[in-house]
Amino acid sequence: MKKSAAAILVLSWVLCTGANAQSDDWGQALQWVDKYPSDKLGANGGGLFDQPLFKSILSRVLPKAEATALSKFAIESVIQKVGDYVIVHKCLPHDCPTEMATVIIDVKTRQLWVALFSREAGRTSTRWYATADDYSTLPDKIKNDFLQRQRM
Numbered sequence: 000m001k002k003s004a005a006a007i008l009v010l011s012w013v014l015c016t017g018a019n020a021q022s023d024d025w026g027q028a029l030q031w032v033d034k035y036p037s038d039k040l041g042a043n044g045g046g047l048f049d050q051p052l053f054k055s056i057l058s059r060v061l062p063k064a065e066a067t068a069l070s071k072f073a074i075e076s077v078i079q080k081v082g083d084y085v086i087v088h089k090c091l092p093h094d095c096p097t098e099m100a101t102v103i104i105d106v107k108t109r110q111l112w113v114a115l116f117s118r119e120a121g122r123t124s125t126r127w128y129a130t131a132d133d134y135s136t137l138p139d140k141i142k143n144d145f146l147q148r149q150r151m
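The sequence shown stops at residue 151 when you use numbering that gives the first Met the number 0, and every number in between is there.
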């Protein structure tokens with residue numbers, strides 16, 4: 000009886016730590032490189048932002064209105080990798096240069112940034128959200144690409 004209880008306890012611990020390791024695996028983002036963020040590649044059968052780790056981070060970092068805006072960006076580009084960064088570009092259908100977002104995932108330092116841009120008559124807005132460091136720490140290539148997309 001004691002051996003059975005001990006075996007169940009050990010098995011439960013292994014299963015829990017395995018699930019936590021997978022849900023905290025920033026490197027899982029790499030399987031989407033050269034694919035679309037909505038491609039259903041994840042362990043849960045969902046897209047990149049449907050994975051528990053990234054879904055949780057996005058809901059923590061973004062205000063509700065911004066999370067809603069990001070979810071409406073249905074046009075996607077193929078995900079790119081720049082160094083240790085996984086780059087996701089999304090925008091509104093028929094409105095890419097005026098309503099767009101870039102999500103940057105650093106798989107090495109385990110950080111995430113979201114950049115949102117909108118333009119309407121007489122007003123533009125750029126908003127950055129992050130898990131830790133300010134966007135100024137990102138490589139110039141990534142920042143310049145975000146700025147260039149606003150001019151398309």
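Ideal Cβ placement from N, Cα and C applies to all residues, glycine included. It should be emphasised that the depicted structure is a prediction, and the values quoted were computed from it without experimental measurement.
Reduced DSSP category for residue i - H, G, I as helix; E, B as strand; rest coil
i	result
I56	helix
K80	strand
Beta-bridge pairing of residue i - partner residues as DSSP gives them
i	result
C90	I74 and M99
L115	A100 and R126
V85	K80 and I104
Rounded straight-line distance, which links the Cα of residue j to that of residue i
i	j	result
Q110	H93	31 Å
D132	G121	31 Å
S55	F145	24 Å
Q147	G45	30 Å
R118	S135	22 Å
Residues near residue i in its chain [Cβ-Cβ closer than 6 Å; skip 5 each side]
i	result
L14	For L14, the predicted structure reports a pLDDT of 39, less than 50, and the residue's modelled location is therefore unreliable. The matter cannot be settled from this model.
Neighbourhood of residue i by C-beta distance below 8 Å, restricted to the same chain and skipping five residues each side
i	result
D83	D105, V106, K107 and T108
Cβ neighbours of residue i in the same chain (closer than 7 Å, five flanking residues each side left out)
i	result
K140	V81
Segment contact flag, the stretch 88-108 with the stretch 24-42, C-beta cutoff 8 Å, min 3 pairs: These segments touch.
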